[in-house]
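Remarks on the structure that follows.
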Amino acid sequence: MNQNHVRQILADHRLAPSKQLGQNFLVQPQIAAQIVEAAGLTPGDTVVELGVGLGALTAPLAARAGRVIGLELDAGIVKYHREAQDLAANVQLLHQDLLKADFSAMAREQGQKLKIIANLPYSVTNPLLFKLLEHHPALEWAVLMIQKEVAERLTAKPNSKEYGVLTVLLGSCATVERLLLVGPGNFYPRPKVDSVVIRIRFIPPAGSEADPQLLPLLRRVVDTAFGQRRKTLLNSLGCGKLPGLGRIEAARALEAAAISPKLRAENLTTADYLRLTGIIADLIRKANV
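If you're matching positions, the sequence shown starts at 50 in the numbering used here and goes up one per residue.
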């Protein structure tokens, strides 16, 4: 599928790239092939594709995997595929918003953890990443094409300006690796920025695995710290945004975690945040007894 082919399909079926949905169709077959190759699928695999589009990834996925479950929000595109009957027999096309999909229920139905692949509209990248975090026990891996800037945040190290909330939270349940740089010329319409293909394996690094019960509090602690990232941790965490945690309690928690109150949000590793969150949970629990 090249750019001329994509243009012709859109024209013939009175379709157009939706700015609202952030549609940029992949038009280079070799890029699609590289993404599928990097995913390492086998004939025994079931893979969930988020955003089928015109099927640039779907066709090579269907050739490698045993089954493809494709979610597509655009009703016009779903109608096109159903009328054209252009998808392989092992592809199940669902008219569904990927942000409303219940990945945990899908995993239970399949009896195994999900493998996810997607060329994501930039506008849904952050909401989807938080959704993947929410459902991470049901996921094996996700191979995602995302905006280069977001990929740099997800793979950032502490003490850098790119390091942030998603870096820390993903670090508690997954490892992220960069696979492929994809330039704007590989899409129609052409985006203004580069894209990067990443793989998220939902296996946390040693020493950074979070207690699932602490994840909601971990997110609140990390959000609070990075919400005022120019302030010291004592000032950001002790500002009253975390119930039961004032300045005095924040100081106690930081001391118990062996973390200097003068440090800032980007100075802490995921393991630091997990240790600190456990201590904060104990302080809140004791205050409520």
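Using N, Cα and C, we set each Cβ at its ideal position, and we do this for glycine too.
Can you check which of these residues, the options, is closest to residue i by C-alpha distance?
i, options, result
"H144", "H130, A133, K164, E121", "E121"
"A114", "A133, A138, V127", "A138"
"L264", "E315, L219, G93, A150", "L219"
"G93", "L99, G100, L110", "L110"
"Q69", "D243, D123, L106, A81", "D123"
"H62", "H184, G89, E132", "E132"
"Q134", "E158, L169, A150, A108", "A108"
"K335", "A320, T319, P292", "P292"
"L182", "R268, V85, I80", "R268"
"L294", "R279, R278, V270, N316", "V270"
"N235", "I165, T318, I80, V199", "I80"
"L341", "G125, R116, V85", "Outside the displayed span of the chain (50 to 338) sits residue 341, for which this structure offers no information."
"A191", "L59, P261, R248", "R248"
Can you give me the Cβ contacts of residue i inside the same chain, cut-off strictly under 7 Å, excluding the 5 residues immediately before and after it?
i, result
"L163", "V97, F152, M155, A156, A187, L188, E189"
"V55", "F74, V76, L103, Y237"
"I328", "A302, A305, A306"
"S172", "G71"
Quick check on the DSSP output: the beta strand (DSSP E) that includes residue i runs from which residue to which?
i, result
"R250", "244-250"
"N168", "163-168"
Below 8 Å between beta carbons: does that hold for residue i and residue j?
i, j, result
"G119", "L142", "yes"
"L178", "L230", "no"
"L312", "A299", "no"
"L193", "A167", "yes"
"S196", "S244", "Note on residue identity: the sequence assigns Gln, not Ser, to residue 196. Going by C-beta atoms, Q196 is nearer than 8 Å to S244."
"Y322", "V217", "yes"
"Y212", "A205", "yes"
"E201", "V242", "no"
Under DSSP, the alpha helix (DSSP H) around residue i begins and ends at which residues?
i, result
"V199", "197-203"
"I84", "78-88"
"Q57", "52-61"
"V101", "Neither: V101 is in no alpha helix (DSSP H) and is coded neither H nor E."
"L332", "319-336"
"Q159", "152-159"
Taking DSSP's pairing of strands, which residues face residue i in a bridge?
i, result
"R116", "T95"
"V225", "I249"
"K121", "The question names Lys, but residue 121 is Glu in the sequence shown. Partner(s): H144."
"A111", "BP columns for A111 are empty, so no partner."
Near residue i, which residues of its chain fall below 6 Å by C-beta distance, leaving aside the five closest residues on each side in sequence?
i, result
"V127", "E121, H144"
Can you check whether the C-beta of residue i is within less than 8 Å of a C-beta belonging to chain D?
i, result
"D146", "Considering every chain present, this structure includes no chain D. It has just one protein chain."
Using a Cβ-Cβ cutoff of less than 8 Å, which residues in the same chain neighbour residue i once the five nearest sequence positions on both sides are dropped?
i, result
"L340", "Residue 340 falls outside the range modelled here, since the chain spans only 50 to 338, and no answer is possible."
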